Amino acid sequence: MTKPGLLKQGKLLPEEEIWAARFEFLKQWGYLLRPRYRPGWVAPWTLKPGLLSWEFEESLNITRESLIDARRLSDGKTVYLKNVPKDSPEIEIGKYFSTEELLRDPRNHCLPVLDVLNDPKDPENVIVVIPWLRRVDCPEPASVRECVDFVDQTLERWERLPNGKFPKGGDPSRTAVGGVRYYFIDFGISTQNQDEALGIDGQERSPELSDDIPYNPYKLDVYILGMAYRRFLFERYQGGLSFLIPLIQFMTSQNPSERPSAAEVLAEWRPMAAKLSFADLSQRLRTKEHPPESSIKRLIKDSGYRVADLWWTTTSTKRPPQPLP
Numbered sequence: 056m057t058k059p060g061l062l063k064q065g066k067l068l069p070e071e072e073i074w075a076a077r078f079e080f081l082k083q084w085g086y087l088l089r090p091r092y093r094p095g096w097v098a099p100w101t102l103k104p105g106l107l108s109w110e111f112e113e114s115l116n117i118t119r120e121s122l123i124d125a126r127r128l129s130d131g132k133t134v135y136l137k138n139v140p141k142d143s144p145e146i147e148i149g150k151y152f153s154t155e156e157l158l159r160d161p162r163n164h165c166l167p168v169l170d171v172l173n174d175p176k177d178p179e180n181v182i183v184v185i186p187w188l189r190r191v192d193c194p195e196p197a198s199v200r201e202c203v204d205f206v207d208q209t210l211e212r213w214e215r216l217p218n219g220k221f222p223k224g225g226d227p228s229r230t231a232v233g234g235v236r237y238y239f240i241d242f243g244i245s246t247q248n249q250d251e252a253l254g255i256d257g258q259e260r261s262p263e264l265s266d267d268i269p270y271n272p273y274k275l276d277v278y279i280l281g282m283a284y285r286r287f288l289f290e291r292y293q294g295g296l297s298f299l300i301p302l303i304q305f306m307t308s309q310n311p312s313e314r315p316s317a318a319e320v321l322a323e324w325r326p327m328a329a330k331l332s333f334a335d336l337s338q339r340l341r342t343k344e345h346p347p348e349s350s351i352k353r354l355i356k357d358s359g360y361r362v363a364d365l366w367w368t369t370t371s372t373k374r375p376p377q378p379l380p
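The working numbering puts the first residue of the sequence shown at 56, with every later residue one more than the last.
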């Protein structure tokens, strides 16, 4: 039966049945899955004619086989449960950046590991518990100021360790804890404290990736982040972000030996960001797919946003986002 057919009839997908079978195990360890995955669950829209599945929260299925949401019973917070191979570097890297010292450091933007569960029925894998996050573009940034904050946070992680030796890899994601805070996630193909690496996996098809010829993972990290600024920011939004072009070009040379170090990227960015005026920072952003606006409509919306931005920046408490618990 097709996926839509299973969902309509109130059946779990094959990848969901694996998680449903762990319901009691996870509950014993303090993590409660949604009602959809409880033993004996019956889809409520199948109990009465005329009900539609999309009207019920229980119709929401998982979208990735290895990832599911759950409620932590100790405090009621929503977390992610992620099934990963027992030998995945994601576990050790996550634990390293989850030490008490590093969790207190606001420059640490690597997603912490909250717990690791060993499922006796699955000796090859473990279940990693991580905080609940939002996509980096959900919601979309509303102004240049928010984009500058994104660049600031994703670059400041390089200050935490000497020579910028953070693990290679990871994608930006976000949470809101006392403000928007960005985290690097998914270290399953990452390396740490290695001056050479091999491998071709990853979302960004960087020019030096190879299974045979070793490459510098830290120069690769610079390239990947520069391309993230290009794809997530500059190529996506209209106007106001042209100041990022020199930084992106600085970070994304096709020749790794011509790319800057992490320290050099920071040295380039800080004066660049400091030159931005209030008028620069308060520019309203629109995606490039946004319908065209008349001059009058754009003027009214831009002016309204600048007033709101002025009010927010002058009246809000200047508190840095707090790290996740």
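Glycine is no exception: its CB is placed at the ideal position from the N, C-alpha and C atoms.
Remember, predicted model here, so these are calculated numbers, not experimental data.
The criterion of a C-beta distance shorter than 8 Å is satisfied by Val181 and Val171.
Taking the Cα of Cys165 as reference, the smallest distance to any Cα among Trp213, Leu81, Lys137 and Cys202 is reached at Trp213. Excluding the 5 residues flanking it on each side, Lys141 has same chain C-beta neighbours closer than 7 Å at Glu179, Asn180 and Val181, in chain order. Cβ atoms of Ile146 and Val139 come within 8 Å of each other, at about 7 Å. The beta carbons of Arg200 and Asp364 sit closer together than 8 Å.
Linking Met327 to Glu344 through their CA atoms gives a straight-line distance of about 28 Å. DSSP places Arg126 in the strand class (E or B) of the three-state scheme. Residue pairing from DSSP leaves Asp357 without any beta-bridge partner. C-alpha of Lys103 to C-alpha of Leu81: approximately 31 Å in a straight line.
When the beta-carbon positions are compared, Phe289 and Leu296 come within less than 8 Å of each other.
In this structure, Tyr270 lies near Ala252, with their beta-carbon atoms less than 8 Å apart. Short of 8 Å from the beta carbon of Gln309, and not among the five residues preceding or following it, lie these beta carbons of its own chain, in chain order: Pro262. At a Cβ-Cβ threshold of 8 Å, Pro99 and Glu113 count as neighbours.
Within the same chain, and ignoring the five residues on either side of Trp74 in sequence, the residues whose Cβ sits closer than 6 Å to its Cβ are Tyr92 and Ile123. Note on geometry: alpha-carbon atoms of Arg159 and Lys132 lie some 20 Å from one another. Counting along the chain, the unbroken alpha helix (DSSP H) around Leu210 starts and ends at Val199 to Glu211. In summary, Gln64 is exposed, with fewer than 16 beta-carbon neighbours lying within 10 Å of its beta-carbon over all protein chains present.
Using a Cβ distance threshold of 8 Å, Val203 and Leu331 count as a contacting pair. For Ile148, the enclosing alpha helix (DSSP H) begins and ends at Pro144 to Tyr151. For the set Gly85, Pro186, Glu156 and Ile300, the Cα lying nearest the Cα of Ser129 is the one of Gly85. The straight-line gap separating the alpha-carbon atoms of Phe152 and Gly60 is approximately 43 Å.
If you draw a straight line from the Cα of Asp192 to the Cα of Tyr238, it is about 13 Å long. For Arg236, no alpha helix (DSSP H) segment is defined; the enclosing uninterrupted segment is the beta strand (DSSP E) at Val235 to Ile240. With fewer than 16 neighbouring CB atoms inside 10 Å of its own CB, Asp250 falls in the exposed class.
The secondary-structure analysis by DSSP pairs Pro311 with nothing; it has no beta-bridge partner. When Phe298, Leu210 and Asp267 are compared, the shortest CA-CA separation from Asp276 is found for Leu210. A Cβ-Cβ separation of about 19 Å leaves Asp174 out of contact with Arg89 under the 8 Å criterion.
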